[in-house]
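As numbered in the numbering used here, residues 3 to 116 make up the sequence shown, in order. Worksheet: the structure to be examined is printed underneath.
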Amino acid sequence: MLIRSRTRTILTMGAIIGGAALLSGCADWPRSGNNGAFYTNVTVPVAVLQADAPAVRTGEACSTGILGLFAAGNSSINAAKSKAGITTISTVEEHFVQYLLGAYSKYCTVVTGT
């Protein structure tokens, strides 16, 4: 009887901790507040620096993640700016794609300018 009670307590605590771990990684991204459990594909504005400047060039820099355990890449504004040869930034956006609770995710910074 005592062993059953301990087993049930351990399983319950494991379920609570596991559920909290799964949900905590999804609480922050994307900034738009829209995050699907099975599929997410959103683009959100970050900044408009030169509203009157034409957006002639577009640069994108991305990083990817696998299983919520591994992540690599340079998704910085400077990397996106350098890829397109932009000297004056007009706008900055974030693009986030995620499949199956973070089994695969891709985060990109998109910079426009001249």
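Glycine is no exception: its CB is placed at the ideal position from the N, C-alpha and C atoms. What you are looking at is a predicted structure, and each value in this text was computed from that prediction instead of being measured.
By how many angstroms is the C-alpha of F98 removed from the C-alpha of D30? Reliability fails at D30, whose pLDDT of 47 lies under 50, so the model's placement of it is uncertain and the value that follows must be treated cautiously. Distance between the alpha carbons of D30 and F98: 12 Å.
Nearest-angstrom Cα distance between Y106 and N43? 12 Å
Have a look at K108, T111, L102 and T116 and flag the residue whose alpha-carbon is nearest the alpha-carbon of G38. L102
Among G61, L71, E95 and G115, which has the Cα closest to the Cα of A86? G61
Reference S65; option with closest CA among T14, T89, T93 and I79: Nearest Cα to S65 within the set T14, T89, T93 and I79: I79.
A82 classed as buried or exposed, judged by whether at least 16 other C-beta atoms fall within 10 angstroms: buried
Selected residue, minimal CA-CA separation from V50, among V112, T111, G104 and V94: It is V94.
Quickly, what does DSSP pair P56 with across the bridge? List them, please. None; P56 has no bridge partner.
Quick one: grab the DSSP three-state call for I12. The answer is helix: DSSP assigns I12 an H, G or I state.
Backbone CA spacing between A17 and G115 [nearest angstrom]: 48 Å
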